[in-house]
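Everything on this sheet refers to the single structure shown next.
Numbering (the UniProt record's numbering), first residue to last: 1 to 137.
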């Protein structure tokens with residue numbers, strides 16, 4: 001009989017430990033961490049890219065892909081990797097979204113994204129070793 005009580009107390013103790021630990025767990029403040037730790041002064045994503053509406057998700061995805069492509073292309077064309085090259089202003093992407101991609105449907109976005117991703121991947125593969133050598137990857 002005593003063995004059962006001891007076993008029950010031990011189980012209660014084991015179960016209470018994780019519960020107590022969960023009570024004191026706090027999520028980290030994600031706002032404290034820069035978006036790009038290697039380049040903390042890199043421009044932040046525009047609000048419409050960082051927090052898109054449901055209707056703007058595809059648009060945000062395309063903008064992010066265009067931005068990454070521009071950064072990697074800058075690195076490849078310059079043959080060097082700096083924070084300014086890898087993380088340029090969002091102005092060119094914003095302009096492209098307002099001109100070249102203005103008014104196109106979600107379906108049309110989905111048609112162009114694979115080609116843009118392919119080009120981004122090519123530039124990324126060429127730019128990665130350059131940025132690694134510069135300590136920015």
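Even glycine gets a Cβ: it sits at the ideal position worked out from N, Cα and C.
*Neighbourhood of residue 13 by C-beta, 6 angstroms cutoff - its chain only, sequence neighbours within 5 removed*: Residue placement at residue 13 is flagged as unreliable, the pLDDT there being 45, under the threshold of 50; a coordinate-derived value is accordingly withheld.
*Just the Cα atoms here: how many angstroms apart are residue 50 and residue 119?*
Those two C-alpha atoms are separated by around 22 angstroms.
*Please report how far the alpha carbon of residue 88 lies from the alpha carbon of residue 101, in whole angstroms.*
Near 20 angstroms, if we compare the C-alpha coordinates of residue 101 and residue 88.
*Where does residue 60 sit, in a helix, a strand or coil, going by DSSP?*
For residue 60, the secondary structure class from DSSP, reduced to helix, strand or coil, is helix.
*Cβ distance (whole Å) where residue 96 is taken to contact residue 85 below 8 angstroms*: Separation of the CB atoms of residue 96 and residue 85 is rounded to 18 angstroms, and the pair is thereby denied contact status at 8 angstroms.
_Tell me the DSSP secondary structure of residue 47 in three-state form._
Looking at residue 47 - three-state DSSP - the assignment turns out to be helix.
*Report the option in 134, 128, 52 and 132 whose CA atom is closest to the CA atom of residue 72.*
Of the candidates 134, 128, 52 and 132, the one whose C-alpha sits nearest the C-alpha of residue 72 is 128.
*Would you please state the rounded distance, in angstroms, between the beta carbons of residue 116 and residue 55? I believe it to be under 8 angstroms.*
Taking the Cβ atoms as the reference, residue 116 lies roughly 20 angstroms from residue 55, outside the contact range of under 8 angstroms.
_Within 10 Å of its beta-carbon, does residue 137 have 16 or more other beta-carbons around it, so buried, or fewer, so exposed?_
Counting C-beta atoms within 10 angstroms of its own C-beta, residue 137 has fewer than 16 neighbours from the protein chains shown and is therefore classed as exposed.
*Between the C-alpha atoms of residue 23 and residue 76, what's the straight-line distance to the nearest angstrom?*
Caution is warranted here: a pLDDT of 49 is assigned to residue 23, below 50, making its placement in the model unreliable, and the coordinate value is therefore given only provisionally. If you draw a straight line from the Cα of residue 23 to the Cα of residue 76, it is about 49 angstroms long.
*Could you check how far apart the C-beta atoms of residue 59 and residue 107 are, in whole angstroms? I think they sit under 8 angstroms.*
Residue 59 to residue 107, Cβ: 13 angstroms. No contact.
*Can you tell me which of the three DSSP states residue 102 falls into?*
Per DSSP, reduced to three states, the secondary structure at residue 102 is coil, with no helix or strand assignment.
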